[in-house]
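Take a look at the structure set out below.
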Amino acid sequence: MTQARTEGPISERVAARLAAIAAREPVLRAYAHLDPDAALAAARTLDASGDSGPLCGAVVAIKDIFDTADMPTGCGSPIHAGRRPGRDAAAVAAIRAAGGVIVGKSVTTEFAYMHPGPTTHPLNPAHTPGGSSSGSAASVAAGGADYATGTQTAGSIIRPAAFCGVVGFKPSRGLVSRSGLALFSETLDTIGGFARDVAGAARFIGAMAGRRDLVELTPAAAAPRIAVVRGAEWGPATPEAHAALEDAAGRFARAGAAVRNVDLPEACRGLLPVQQAVMAHEGAKALAWEVAAAWESLSAPLQALIEEGRGVDSRDHAAHMRRVVRAQAAMAGFFEDFDVVLTLSAPGEAPEGLASTGDSSFNRVWTLLGGPALTLPAGTGPRGLPLGVQVVGPIWRDAETAAVALWAEGVLAEG
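At position 296 of the sequence shown (counting the first as 1) the number is 296 in the UniProt record's numbering, and the numbers step up by one without a gap.
Next up, the structure:
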């Protein structure tokens, strides 16, 4: 890595982050592309200009499915290796306008689906960091970036954030523009991000979305009404994960929250296969060019999903989407009695091995429903790796949901 001069506080901060990346990258492998010289040049420009913005001087990693005019966008696939977009994605342009300093492109799984890249867990390289936003979560956790972009189609923000012990924020679908993003699913894909605390995550999302209420987030003024949902139909979770959820719920109740154990409305049950079918059907359509031009270069798991998606005809897809609309209406009624849902972020700690990015079943239904979700670190499991709890709110109530998460973060920090 080039040793360029630093001048001023922003340049020094960026240089420190680059040093952290250089120290960890041989094992962590969080980046598909790094440009330290460009990052330091941008930092010196900010130091000289005196400009300010919500992200001024913050070091940002961009998931390698966002177009960047000055860096390649490979989408985690050999098909697009070295591809140079002509302009920035809208979210990337907003980050630059807010004063963010982009250091590079973080590793993504292949087309943000399941086939993993080389990134390892920042606390134990024998374990997965999760995915598909693998490099983004790992770099923030390892101190290489202040913020990082992510996307979620199934569980690609919340799960890796929980595994790596950072805050992940998946806002309402459509809050952040997807212009310039390599889409996988028109219905599901949502842009969000990673930070080390809730205020930072809200500031980052707010800067990308142009939302001052997130940039200037304050904790919920009153203790919230919390629905604890265990989601047994979504799959098994470890005893330690359940214990973390119970501990968090107990702390929130003692802090004054109205906490109730509830089930989701009937219309919201059995939605895991719906999310899978929607993802497969729309993924097969989105990757039509890659399928026609380079089928053999796609991984076996992605080929299998595309074949599955071809089996979902347009009438089935329309029926699934009508079911989603009914579920969203049911959740609107549900949230008349609650401010947020508290549930698991993942089944437990990050699993051992790098062949899989872990189970996303605790995230898929929330992604399908389209509302905001944040994961908060909530202790560690038996192997010393992080656990997380997930705060989910009503669609288009992002600032209110983040305010409850900020309140909850403060309660958890009290010990």
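Ideal placement from N, C-alpha and C gives every residue a C-beta, glycine not left out. Remember, it's a predicted structure, so these values are computed and weren't measured experimentally.
Annotation: the segment 8-69 contains the following complete segments of the beta strand (DSSP E) (minimum length 3 residues), in chain order: 31-34, 59-63. Secondary structure of Ile-79 (DSSP, three-state): helix. The residues Asp-189, Ile-191, in chain order, have a CB closer than 7 Å to that of Arg-178 in the same chain once the five nearest residues on each side in sequence are set aside. The three-state secondary structure of Leu-406, taken from DSSP, is helix. Taking 8 Å as the cut-off, the beta carbon of Ala-350 is found closer than this to the beta carbon of Pro-129. By the Cβ criterion, the segment 330-341 is not in contact with the segment 270-278, since fewer than three pairs of Cβ atoms, one from each stretch, lie closer than 8 Å. Around the beta carbon of Arg-159, 16 or more other beta carbons sit within 10 angstroms, so the residue counts as buried.
With respect to the 8 Å criterion, Pro-72 and His-33 are classified as neighbours on the basis of their beta carbons. Per DSSP, Ala-227 lies in no alpha helix (DSSP H) segment; the continuous beta strand (DSSP E) that holds it begins and ends at 225-228. Secondary structure in the segment 142-184: the alpha helix (DSSP H) runs of 4 residues or longer, each lying completely within the stretch, are 158-164 in chain order. Inclusion of Asp-398 and Leu-175 in the CB contact set at 8 Å is warranted, their separation being smaller than that value. The C-alpha of Ala-332 lies about 47 Å from the C-alpha of Asp-47.
Annotation: Ile-395 is outside any alpha helix (DSSP H) and is labelled neither H nor E by DSSP.
Between Ser-139 and Ala-30, the beta carbon gap of about 4 Å places them in contact (Cβ cut-off 8 Å). At the C-beta level, Ile-65 and Ala-182 come within 8 Å of one another. With fewer than 16 other beta carbons inside 10 angstroms of its own, Asp-313 counts as exposed. Fully enclosed alpha helix (DSSP H) runs of no fewer than 4 residues occupy 288-294, 300-310 of the segment 287-330, in order along the chain. Taking one beta carbon from each stretch, the segment 204-215 and the segment 239-251 have fewer than 3 pairs nearer than 8 Å; the two do not touch. Selection Glu-414, Ala-227, Tyr-113 evaluated against Gly-393 yields Ala-227 as nearest (Cα-Cα).
Phe-204: member of the alpha helix (DSSP H) spanning 198-209, first to last residue. Within the same chain, Cβ atoms closer than 7 Å to the Cβ of Ser-172 are found at Gly-370, Gly-371, Pro-372, Ile-395, Trp-396, Asp-398, the five residues on either side in sequence being excluded. At the C-beta level, Val-389 and Ala-248 come within 8 Å of one another. DSSP places His-121 in the coil class of the three-state scheme, outside both helix and strand. Counting only residues of its own chain and dropping the five nearest sequence neighbours on each side, Gly-155 has a CB closer than 6 Å to the CB of Ser-360, Asn-363. Listed in chain order, the alpha helix (DSSP H) elements of length 4 or more contained wholly in the segment 337-390 are 361-369. When only Cα atoms are considered, Ala-327 and Ala-267 end up about 5 Å apart. Residue nearest to Glu-246 within the set Leu-387, Glu-25, Phe-194 is Leu-387 (criterion: CA-CA distance). Excluding five sequence positions before and after Trp-366, the CB atoms of its chain that fall closer than 7 Å to its own CB belong to Ala-373, Val-392, given in chain order. In this structure, Leu-28 places its C-beta atom within 8 Å of the C-beta atom of Ala-142. DSSP links Ile-191 through a beta bridge to Thr-151. Exclusion of the five residues before and after Tyr-113 leaves Leu-302 as the residues of its chain whose Cβ lies within less than 6 Å of its Cβ. Put simply, of Gly-50, Glu-25, Val-215 the residue whose alpha carbon is nearest the alpha carbon of Gly-144 is Glu-25. Taking the Cβ atoms as the reference, His-317 lies roughly 7 Å from Val-278, within the contact range of under 8 Å.
Taken through DSSP and simplified to helix, strand or coil, Gly-135 comes out as helix. Assigned with DSSP and collapsed to three states, His-242 falls in helix.
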